[in-house]
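A.B. asks: Numbering-wise, the first sequence is residues 6 to 494 according to the working numbering. C-beta atoms are modelled at their ideal positions from N, C-alpha and C, and glycine is treated no differently. Pasting a structure below so you can have a look.
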Amino acid sequence: MTDQTASAGKKHDNLKLPTRAENFSEWYNELVHRAKLADHSDVRGSMVIRPNGYAIWENMQRVLDGMFKDTGHQNAYFPVLIPESYLAKEKKHVADFAPQVAVVTHAGGKPLPEGERFVIRPTSETIINRSFTNWVQSYRDLPILINQWANVMRWEMRPRLFLRTTEFLWQEGHTCHATEADATEETLKMLDVYERFAEDYMAVPVLKGQKTESEKFPGAVNTYSIEAMMQDKRALQAGTSHMLGQNFAKMFDTMYQSKEGKKEYVWQTSWGVSTRLIGALIMSHSDDAGLIVPPKLAPHHCVIIIIGKTPEERAKVKEKAFALAADMKKAGHRVFVDDDETKGPGFKYAEYELRGVCTRVELGPKDLEKNQAVLARRDTREKTPVQLEAVVAKLGETLEAMQRDLFQKAKSFRDAHTFEVNSWDELKARADDGFLLAHWDGTPETEKRIKDELGLTTRNRPFTLKQEPGVCVATGKPSAGRIVFAKAY
RNA sequence: CGGGGUGUAGCGCAGUCUGGUAGCGCGUCUGCCUUGGGCGCAGAAGGUCGUCGGUUCGAAUCCGGCCACCCCGACCA
């Protein structure tokens with residue numbers, strides 16, 4: 006007879022998350038579910054984003070949208086269905102996206118003939134260019150600086166919650182310019198915006214740089230990215246910005262008349278970040294107790310937990326708690342009081358740590374006696390007694406410190422796992438160790454060989470990485486400078 | 001699409017080898033009790049055992065087909 010009570014006696018074992026060291030993906034999946042961020046849906050690879058997860062996205066949206074407005078962009082909206090024929094106009098674009106688009110084959114109760122079908126947008130360059138063609142007449146109409154908040158769909162082979170889902174939410178910027186220089190400037194400007202957002206808000210350090218030929222966006226002249234390192238030392242592309250040149254303009258006849266009266270194709274850019282950023286956030290900061298979110302993006306800054314044996318005690322504490330919460334709100338913090346009497350404090354501590362609330366104030370009769378509260382900080386899990394009058398100020402300080410420290414910790418981690426490698430053997434030995442700065446002869450063949458044999462891909466050529474000549478670690482041929490290799494999501 | 005694995009209660013699983021009344025833990029609900037790190041006690045609800053077929057007096061269990069999902073690769077924000 007098998008032991009049916011194997012789990013008896015270790016009752017709370019199944020409440021604990023798997024640890025990061027044990028199995029990083031399992032830890033990640035469990036965390037996403039248990040922190041109530043997202044669920045799998047019935048459609049393969051699609052996910053349901055729950056309020057706790059969506060609140061993070063809303064905060065991201067708010068900040069990013071402000072940054073886009075500050076750089077002169079306006080929001081607009083374009084259709085979710087794109088005529089198949091649009092997608093087909095840009096050769097590289099359709100070739101690369103065809104395997105992952107969902108196609109509408111029936112509408113109005115009838116099958117659609119081939120050639121009159123629609124695809125569900127995997128990205129909107131084509132349909133937006135159709136509009137741009139109508140909007141642009143003269144050089145006076147330029148630049149056009151548009152952003153769209155939307156959902157897109159890509160039938161990926163291997164979905165992962167937030168990182169790669171069949172349907173995902175994102176913003177896609179699309180711009181038209183009179184000159185190549187203007188378009189390049191825009192591409193790099195928006196890359197800077199992404200860098201700033203990642204580092205200052207997400208507390209995720211990123212490498213800003215240029216993608217290789219083979220890693221470029223289909224249809225782009227140049228692609229740039231920001232690359233982050235997760236806690237398992239794998240790389241995650243957190244945002245991309247593309248200089249599209251005149252490729253789409255030529256396919257859609259997006260032209261303007263110059264001052265000199267000549268017809269010219271516009272120069273374009275596109276750039277985007279998605280709900281993948283939520284995955285990046287989770288995998289950068291969270292620990293074995295659950296989610297950690299930097300204060301600038303956290304749905305909740307503080308939860309006040311009421312402790313007390315008797316109803317009288319609790320009533321007294323509760324009054325103080327709500328007063329404290331009101332003061333915190335006045336100071337601009339997102340705070341709530343948990344006065345649920347059906348659950349014990351221990352349960353609540355564990356629960357809110359799991360869900361990523363930045364700080365916790367424990368308030369009970371013993372504290373009131375001493376005119377204090379206990380402030381617990383999520384990332385370090387330190388508990389500090391604070392005089393009641395000082396709690397609001399201390400909360401503000403703690404949140405600032407947390408924002409700073411999370412970034413520093415992530416940056417130290419990344420730097421500690423970034424290595425210069427100078428030979429094939431070294432590249433191989435360090436394949437799982439993080440970011441590898443290596444010389445590469447610049448050919449797609451060598452790039453592919455490294456990918457096939459070692460599982461390493463080029464991430465980007467960081468602008469900050471000094472380019473000095475050397476020899477390729479794979480072929481011994483000359484190299485213009487080092488590039489970042491890593492295992493990637 | 002290649003390689004591996006799993007489908008039994010909301011979740012996690014045992015039972016399958018050796019066929020014989022559907023089980024355990026968590027969660028949920030009710031009542032009492034409890035509150036400084038995932039409380040306690042008592043009771044209750046909840047299942048066409050992924051699906052279709054075969055063998056058998058009898059199938060979660062044996063045989064065959066199908067389907068779905070997960071993990072590891074190739075693709076990708």
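#1: Assign Ser12 to one of two classes, buried (16 or more other C-beta atoms within 10 Å of its C-beta) or exposed (fewer than that).
#2: Which stretch, first to last residue, makes up the alpha helix (DSSP H) that contains Arg382?
#3: Does the distance from the C-beta atom of Ile488 to that of Arg464 stay below 9 Å?
#4: By alpha-carbon positions, which one of Glu473, Ser417, Ala107, Pro223 ends up nearest to Trp276?
#5: What's the gap between the Cα of Ala485 and the Cα of Lys471?
#6: Going by the CB atoms, is the gap between Lys221 and Glu200 shorter than 9 Å?
#7: Per DSSP, Trp154 forms a beta bridge with which residues?
#8: Which residue's Cα is closest to the Cα of Pro23: Arg435, Asp293, Val391?
#9: With a threshold of 16 other CB atoms inside 10 Å of the CB of Ser289, please say whether the residue is buried or exposed.
#10: Have a look at Asp237, Gln242, Glu450 and flag the residue whose alpha-carbon is nearest the alpha-carbon of Tyr229.
#11: Taking just the CA atoms, how far does Phe29 sit from Asp237?
#12: Assuming Ser90 is part of the alpha helix (DSSP H), what are its boundary residues?
#13: Less than 7 Å between C-beta atoms, sequence neighbours within five positions excluded: which residues of the same chain meet that for Lys216?
#14: At a threshold of 8 Å, does Ala406 count as lining the ligand GTP (C-beta to nearest heavy atom)?
#15: Would you kindly report the start and end of the unbroken beta strand (DSSP E) that includes Thr274?
#16: Can you check which of these residues, Gln142, Ala378, Leu36, Ile87, is closest to Gly120 by C-alpha distance?
#17: Count Cβ pairs between the segment 354 to 368 and the segment 302 to 315 that sit closer than 8 Å; are there 3 or more?
#18: Taking the beta carbon of His247 as the centre, do at least 16 other beta carbons fall within 10 Å, making it buried, or is it exposed?
#19: Taking the alpha carbon of Lys433 as the point to measure from, which residue in Leu400, Thr448, Glu387, Val478 has its own alpha carbon closest?
#20: Taking Thr76 and Lys194 to be in contact with their CB atoms under 8 Å, please state how far apart those CB atoms are, rounded to whole angstroms.
#21: Assuming Phe83 contacts Ser129 (C-beta within less than 8 Å), just tell me the rounded distance between them.
#22: Helix, strand or coil: which one does DSSP assign to Asp430?
#23: Looking at the unbroken beta strand (DSSP E) that takes in His45, where does it start and where does it end?
#24: Below 8 Å CB to CB, which residues in the same chain sit around Phe123 once its five sequence neighbours on both sides are set aside?
#25: Hey, Thr171 and Glu185: beta-carbon distance below 9 Å or not?
#26: Under three-state DSSP, which class holds Met52?
#27: Just list the beta strand (DSSP E) runs in the segment 238 to 302, keeping only unbroken ones of 3 residues or longer that don't cross its boundaries, in chain order.
#28: Thinking C-alpha only, which one of Ala415, Tyr33, Glu394 is nearest Lys375?
#29: Could you pull the start and end residues of the beta strand (DSSP E) that Ile495 belongs to?
#30: Just tell me which of Gly50, Asn57, Val48 has its CA closest to the CA of Arg39.
#31: Is it the case that the Cβ atoms of Thr423 and Phe412 are separated by a distance below 9 Å?
C.D. replies: Inspection of the coordinates gives the following:
#1: Confidence at Ser12 is low in this model, with a pLDDT of 29, below 50, so its placement is unreliable and no value can be given for it.
#2: It is not in any alpha helix (DSSP H) - Arg382 instead sits in the beta strand (DSSP E) that spans 377 to 382.
#3: yes
#4: Pro223
#5: 10 Å
#6: no
#7: Gln176
#8: Asp293
#9: buried
#10: Gln242
#11: 7 Å
#12: 89 to 94
#13: Thr228, Tyr229, Ser230, Asn465
#14: Here there are no bound small molecules, and the ligand GTP is not part of this structure.
#15: 272 to 279
#16: Ile87
#17: yes
#18: buried
#19: Val478
#20: 6 Å
#21: 5 Å
#22: helix
#23: 43 to 45
#24: Leu86, Ile87, Pro88, Glu89, Val108, Val109, Ala112, Leu117
#25: no
#26: strand
#27: 240 to 250, 260 to 262, 268 to 270, 272 to 279
#28: Glu394
#29: An answer regarding residue 495 cannot be provided, because it is not within the stretch 6 to 494 covered by the chain.
#30: Asn57
#31: no
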